[in-house]
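Colleague: As numbered in numbering that gives the first Met the number 0, residues 0 to 200 make up the sequence shown, in order. Think of the CB as a built atom: it goes at the ideal place given N, C-alpha and C, for glycine as much as any other residue. Please see the structure below; I have some questions.
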Amino acid sequence: MGRIRRASAHDAPGVYRVCLQTGAAGGDATDDHANPDLLGHAYAGAYLAGEPEFALVAVDEHGVGGYAVGAPDTRAFETWMEQHWWPVLREQYPLTPEMESADTPDTRLIRRFHRPPAAADELLARFPAHLHINLLERSRGGGMGRALIEALTGALRRHGCAGVHLGVAPENENAIGFYRRLGFETLASRPDELVLGMRFE
0 MGRIRRASAH DAPGVYRVCL QTGAAGGDAT DDHANPDLLG HAYAGAYLAG EPEFALVAVD
60 EHGVGGYAVG APDTRAFETW MEQHWWPVLR EQYPLTPEME SADTPDTRLI RRFHRPPAAA
120 DELLARFPAH LHINLLERSR GGGMGRALIE ALTGALRRHG CAGVHLGVAP ENENAIGFYR
180 RLGFETLASR PDELVLGMRF E
């Protein structure tokens, strides 16, 4: 079993690799993406830069085997991304007419860079923090996922957060069961995403 520690900038390649290799509802999304960096740009990298206090990695002899990242104030993090994260990606990946019309995993992510979704006010009123967690197969089943969640939610609690939410693909039944065993409850259900949350009070 590996160990958990605070992520650093040097962990970015490993974190991006985990993000890609778990990006298909927990399975490997490598074959779905011509550009292997886009998933990490969308869902992981900003936390290493903008919320390092809430970015954890699980490491073993092979390197990064998983991570948990989050933000205690989702709205403030959205603002930070709009000011510091998305502009660089928008310049690197311009939204051309071809990008607007094409429907591939990569073009959907690039459109997200230019039009990122915002969390609903009513969700943030009770669950202001959010998190993402991903584990490679080799890091699953030995308690590492639970340890990562408990370490990150503990940090969020100590920061004074009232609650945390996350999104998961509806078809990722293993992850949904894992979150529910940890105390997360369903807050909203959409065709492409299930939103789960946990209150700390």
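Could you tell me how far apart the beta carbons of Ile132 and Leu147 are, in whole angstroms, since I believe they sit closer than 8 Å?
Modeller: Numbered from its first residue, the sequence shown carries residue 132 at position 133. Numbered from its first residue, the sequence shown carries residue 147 at position 148. At roughly 6 Å, the Cβ-Cβ gap stays under 8 Å, so Ile132 and Leu147 are in contact.
Colleague: May I ask you to verify whether the region 160-178 touches the region 74-91, counting CB pairs closer than 8 Å and requiring at least 3?
Modeller: no
Colleague: Could you give the distance in angstroms between the alpha-carbon of Arg156 and the alpha-carbon of Glu149?
Modeller: What you label residue 156 is simply residue 157 of the sequence shown in a count that begins at 1. What you label residue 149 is simply residue 150 of the sequence shown in a count that begins at 1. If I take the Cα positions, the gap works out to 10 Å.
Colleague: Bridge partners of Arg110, per DSSP?
Modeller: Within the sequence shown, residue 110 is the residue found at index 111, counting from 1. Arg110 is not bridged to any residue.
Colleague: Sort out for me which residues DSSP pairs Val163 with in a bridge.
Modeller: Position 164 of the sequence shown, counting from 1, holds the residue named residue 163. The partner list for Val163 (beta bridge, DSSP) reads Ala128, Met197.
Colleague: Looking at C-alpha atoms only, which residue of Arg139, Ala187, Val14 is the closest neighbour of Ala119?
Modeller: Within the sequence shown, residue 119 is the residue found at index 120, counting from 1. The shortest Cα separation from Ala119 among Arg139, Ala187, Val14 belongs to Ala187.
Colleague: Taking the alpha-carbon of Gly49 as reference, which of Arg2, Thr103, Asp72 has the nearest alpha-carbon?
Modeller: Numbered from 1 along the sequence shown, position 50 holds the residue referred to as residue 49. Of all alpha-carbon atoms in Arg2, Thr103, Asp72, the one lying nearest the alpha-carbon of Gly49 is that of Asp72.
Colleague: Per DSSP, Val58 is paired with what?
Modeller: Counting from one through the sequence shown, the residue named residue 58 turns up at place 59. Looking at the DSSP assignment, Val58 forms a beta bridge with Arg2, Val63.
Colleague: Name the DSSP beta bridge partners of Gly69, please?
Modeller: Locating residue 69 in the sequence shown gives position 70, counting from the first residue. The partner list for Gly69 (beta bridge, DSSP) reads Leu130.
Colleague: How should Gln82 be labelled, buried or exposed, when 16 other C-beta atoms within 10 angstroms of its C-beta is the threshold for buried?
Modeller: Here residue 82 refers to the residue found at position 83 when the sequence shown is read from its first residue. Gln82 should be labelled exposed.
Colleague: Per DSSP, which residues does Ser188 bridge with? Please list them.
Modeller: As a first step, residue 188 must be located in the sequence shown, where it is residue number 189. Its beta-bridge partners are Leu193.
Colleague: What whole-angstrom Cβ distance do Gly62 and Tyr15 have, given they're in contact under 8 Å?
Modeller: Looking up residue 62 in the sequence shown gives position 63. Looking up residue 15 in the sequence shown gives position 16. Not quite, the Cβ-Cβ distance comes to about 12 Å (not below 8 Å), so this is no contact.
Colleague: Can you list, in chain order, the residues of its chain whose CB lies under 6 Å from that of Tyr178, leaving out five sequence neighbours each side?
Modeller: Position 179 of the sequence shown holds residue 178. Excluding its 5 nearest sequence neighbours in each direction, Tyr178 has C-beta neighbours in its own chain below 6 Å: Leu195, listed in chain order.
Colleague: What's the call for Glu77, buried or exposed, on a 16-neighbour Cβ count within 10 Å?
Modeller: Translated into positions along the sequence shown, residue 77 becomes position 78. Classification for Glu77: buried.
Colleague: Suppose contacts are defined by Cβ-Cβ distances below 8 Å. Is Leu19 in contact with His9 by that definition?
Modeller: On the sequence shown, residue 19 is found 20 positions in, with the first residue counted as 1. On the sequence shown, residue 9 is found 10 positions in, with the first residue counted as 1. Going by C-beta atoms, Leu19 is not nearer than 8 Å to His9.
Colleague: Could you tell me the alpha carbon to alpha carbon distance between Phe183 and Leu47, rounded to whole angstroms?
Modeller: Counted from its first residue, the sequence shown places residue 183 at position 184. Counted from its first residue, the sequence shown places residue 47 at position 48. Taking the straight line from one Cα to the other gives about 24 Å.
Colleague: Please classify Ser138 as buried or exposed, where buried requires at least 16 other C-beta atoms within 10 Å of its C-beta.
Modeller: As a first step, residue 138 is located in the sequence shown; it is residue number 139 there, counting from the start. Buried, since its Cβ has 16 or more Cβ neighbours within 10 Å.
Colleague: I'd like the span of the alpha helix (DSSP H) that includes Pro93, first residue to last.
Modeller: Within the sequence shown, residue 93 is the residue found at index 94, counting from 1. Membership of Pro93 in any alpha helix (DSSP H) is not indicated, and neither H nor E is assigned to it by DSSP.
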